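Residue numbers (my numbering): 38 to 193.
We treat Cβ as the ideally placed atom computed from N, Cα and C, and that holds for glycine.
Owing to the predicted nature of the structure, the values given are computational and were not obtained by experimental measurement.
Heads up, the thing below is written out as C-alpha coordinates.
What follows is the structure, given as C-alpha coordinates:
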(Lines of atoms letter the chains of each structure in order from A; the text may use other names.)
(Lines give C-alpha, C1' and ligand atoms only; values in the text may rest on other atoms or scores of the structure.)
Protein backbone atom coordinates (compact mmCIF):
# COMPACT_ATOMS: atom_id res chain seq x y z
CA UNK A 38 0.00 0.00 0.00
CA UNK A 39 1.20 3.49 -0.83
CA UNK A 40 0.99 5.95 2.07
CA UNK A 41 1.76 9.11 0.08
CA UNK A 42 -1.28 11.05 -1.11
CA UNK A 43 -2.68 10.56 -4.58
CA UNK A 44 -4.65 13.19 -6.48
CA UNK A 45 -7.37 12.06 -8.86
CA UNK A 46 -9.14 13.90 -11.67
CA UNK A 47 -12.80 13.53 -12.65
CA UNK A 48 -12.63 11.21 -15.65
CA UNK A 49 -10.88 8.30 -13.88
CA UNK A 50 -13.30 8.60 -10.95
CA UNK A 51 -16.29 8.54 -13.26
CA UNK A 52 -14.86 5.69 -15.36
CA UNK A 53 -14.09 3.33 -12.48
CA UNK A 54 -17.39 4.20 -10.81
CA UNK A 55 -19.30 3.32 -14.01
CA UNK A 56 -17.79 -0.17 -13.99
CA UNK A 57 -18.28 -0.71 -10.28
CA UNK A 58 -14.57 -0.56 -9.43
CA UNK A 59 -14.27 2.73 -7.50
CA UNK A 60 -13.01 0.83 -4.46
CA UNK A 61 -9.83 -0.07 -6.38
CA UNK A 62 -8.58 3.44 -5.64
CA UNK A 63 -9.00 2.86 -1.92
CA UNK A 64 -7.29 -0.51 -2.13
CA UNK A 65 -4.37 0.83 -4.19
CA UNK A 66 -3.85 4.10 -2.34
CA UNK A 67 -4.30 5.03 1.31
CA UNK A 68 -5.07 8.69 0.70
CA UNK A 69 -7.02 9.90 -2.37
CA UNK A 70 -7.48 13.65 -2.64
CA UNK A 71 -9.55 15.67 -5.10
CA UNK A 72 -9.77 19.43 -5.57
CA UNK A 73 -13.14 21.25 -5.48
CA UNK A 74 -13.44 21.41 -9.29
CA UNK A 75 -13.28 17.60 -9.44
CA UNK A 76 -16.02 17.34 -6.82
CA UNK A 77 -18.17 19.68 -8.94
CA UNK A 78 -17.40 17.78 -12.16
CA UNK A 79 -18.22 14.37 -10.71
CA UNK A 80 -21.46 15.40 -8.97
CA UNK A 81 -24.11 14.08 -9.22
CA UNK A 82 -22.76 11.21 -11.38
CA UNK A 83 -20.43 9.88 -8.70
CA UNK A 84 -21.19 9.94 -4.99
CA UNK A 85 -17.72 10.27 -3.57
CA UNK A 86 -17.14 7.92 -0.63
CA UNK A 87 -15.73 9.22 2.64
CA UNK A 88 -12.24 7.89 1.90
CA UNK A 89 -11.90 10.37 -1.00
CA UNK A 90 -11.07 13.73 0.55
CA UNK A 91 -11.79 17.10 -1.00
CA UNK A 92 -8.87 19.46 -0.53
CA UNK A 93 -8.84 23.09 -1.56
CA UNK A 94 -5.74 24.63 -3.04
CA UNK A 95 -3.61 26.66 -0.65
CA UNK A 96 -2.12 28.63 -3.54
CA UNK A 97 -3.58 29.95 -6.80
CA UNK A 98 -3.15 27.90 -9.96
CA UNK A 99 0.23 28.67 -11.49
CA UNK A 100 0.64 30.35 -14.88
CA UNK A 101 2.15 27.21 -16.50
CA UNK A 102 -1.06 25.35 -15.76
CA UNK A 103 -3.45 28.19 -16.57
CA UNK A 104 -1.85 28.72 -19.97
CA UNK A 105 -2.34 25.04 -20.89
CA UNK A 106 -6.07 25.40 -21.69
CA UNK A 107 -7.11 22.48 -19.52
CA UNK A 108 -10.46 21.99 -17.86
CA UNK A 109 -10.97 23.25 -14.31
CA UNK A 110 -10.70 19.77 -12.78
CA UNK A 111 -7.46 18.96 -14.57
CA UNK A 112 -5.96 22.36 -13.73
CA UNK A 113 -6.84 22.09 -10.05
CA UNK A 114 -5.78 18.43 -9.85
CA UNK A 115 -2.34 19.19 -11.30
CA UNK A 116 -1.96 22.23 -9.04
CA UNK A 117 -2.97 20.23 -5.97
CA UNK A 118 -0.61 17.38 -6.86
CA UNK A 119 2.27 19.84 -7.17
CA UNK A 120 1.30 21.63 -3.97
CA UNK A 121 1.17 18.51 -1.79
CA UNK A 122 3.95 16.61 -3.57
CA UNK A 123 1.58 13.77 -4.47
CA UNK A 124 3.01 10.34 -5.11
CA UNK A 125 0.73 10.02 -8.15
CA UNK A 126 -1.79 11.98 -10.13
CA UNK A 127 -4.54 10.02 -11.87
CA UNK A 128 -5.42 11.65 -15.22
CA UNK A 129 -6.70 10.40 -18.57
CA UNK A 130 -6.67 13.51 -20.77
CA UNK A 131 -3.54 13.43 -22.93
CA UNK A 132 -2.67 17.18 -22.77
CA UNK A 133 -3.14 17.13 -18.99
CA UNK A 134 -0.96 14.02 -18.68
CA UNK A 135 1.78 15.61 -20.77
CA UNK A 136 1.76 18.79 -18.70
CA UNK A 137 1.77 16.86 -15.42
CA UNK A 138 4.73 14.79 -16.58
CA UNK A 139 6.56 17.90 -17.79
CA UNK A 140 6.06 19.38 -14.32
CA UNK A 141 7.65 16.29 -12.74
CA UNK A 142 4.51 14.49 -11.55
CA UNK A 143 4.11 10.73 -11.77
CA UNK A 144 0.99 10.04 -13.83
CA UNK A 145 -1.34 7.07 -13.95
CA UNK A 146 -4.53 6.73 -15.97
CA UNK A 147 -7.65 4.64 -15.60
CA UNK A 148 -6.08 1.75 -17.52
CA UNK A 149 -3.00 1.95 -15.33
CA UNK A 150 -5.26 1.63 -12.29
CA UNK A 151 -6.65 -1.62 -13.69
CA UNK A 152 -3.16 -2.97 -14.36
CA UNK A 153 -1.95 -1.97 -10.90
CA UNK A 154 -5.01 -3.64 -9.36
CA UNK A 155 -4.26 -6.86 -11.22
CA UNK A 156 -0.60 -6.80 -10.24
CA UNK A 157 -1.57 -6.30 -6.60
CA UNK A 158 -4.10 -9.14 -6.76
CA UNK A 159 -7.18 -6.92 -6.43
CA UNK A 160 -8.43 -8.00 -9.87
CA UNK A 161 -8.04 -11.54 -11.15
CA UNK A 162 -8.26 -10.30 -14.76
CA UNK A 163 -8.51 -6.87 -16.38
CA UNK A 164 -10.36 -7.92 -19.55
CA UNK A 165 -13.90 -7.70 -18.11
CA UNK A 166 -13.21 -4.27 -16.59
CA UNK A 167 -11.53 -3.07 -19.77
CA UNK A 168 -14.45 -4.28 -21.88
CA UNK A 169 -16.91 -2.66 -19.48
CA UNK A 170 -15.07 0.66 -19.80
CA UNK A 171 -15.31 0.45 -23.59
CA UNK A 172 -19.01 -0.44 -23.35
CA UNK A 173 -19.53 2.68 -21.21
CA UNK A 174 -17.98 4.88 -23.92
CA UNK A 175 -14.42 5.05 -22.60
CA UNK A 176 -12.20 5.42 -25.66
CA UNK A 177 -9.33 2.94 -25.88
CA UNK A 178 -7.36 2.72 -29.13
CA UNK A 179 -7.04 -0.83 -30.46
CA UNK A 180 -3.25 -0.90 -30.03
CA UNK A 181 -3.54 0.35 -26.44
CA UNK A 182 -6.23 -2.24 -25.70
CA UNK A 183 -3.88 -4.98 -26.89
CA UNK A 184 -0.93 -3.51 -24.99
CA UNK A 185 -2.98 -3.51 -21.76
CA UNK A 186 -3.95 -7.16 -22.32
CA UNK A 187 -0.30 -8.04 -23.03
CA UNK A 188 0.91 -6.18 -19.94
CA UNK A 189 -1.74 -7.98 -17.90
CA UNK A 190 -0.65 -11.34 -19.42
CA UNK A 191 -4.13 -11.78 -20.85
CA UNK A 192 -3.49 -11.47 -24.58
CA UNK A 193 -4.48 -14.48 -26.70
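- Beta bridge pairing from DSSP links residue 90 with 70.
- With a 10 Å radius around the Cβ and a threshold of 16 neighbouring Cβ atoms, residue 79 comes out buried.
- Taking residue 163 as the centre and dropping the five residues before and after it, the same chain places the C-beta of 151, 155, 189 closer than 6 Å to its C-beta, in chain order.
- If you check the CB distance, residue 56 and residue 176 do not come in under 8 Å.
- Rounded to the nearest whole angstrom, the C-alpha separation of residue 117 and residue 61 is 21 Å.
- Excluding the 5 residues flanking it on each side, residue 45 has same chain C-beta neighbours closer than 6 Å at 69, 71, 127, in chain order.
- Judged by pairs of C-beta atoms under 8 Å, the region 129-143 touches the region 102-116, as three or more such pairs exist.
- In the DSSP assignment, residue 126 falls within the beta strand (DSSP E) that extends over 125-127.
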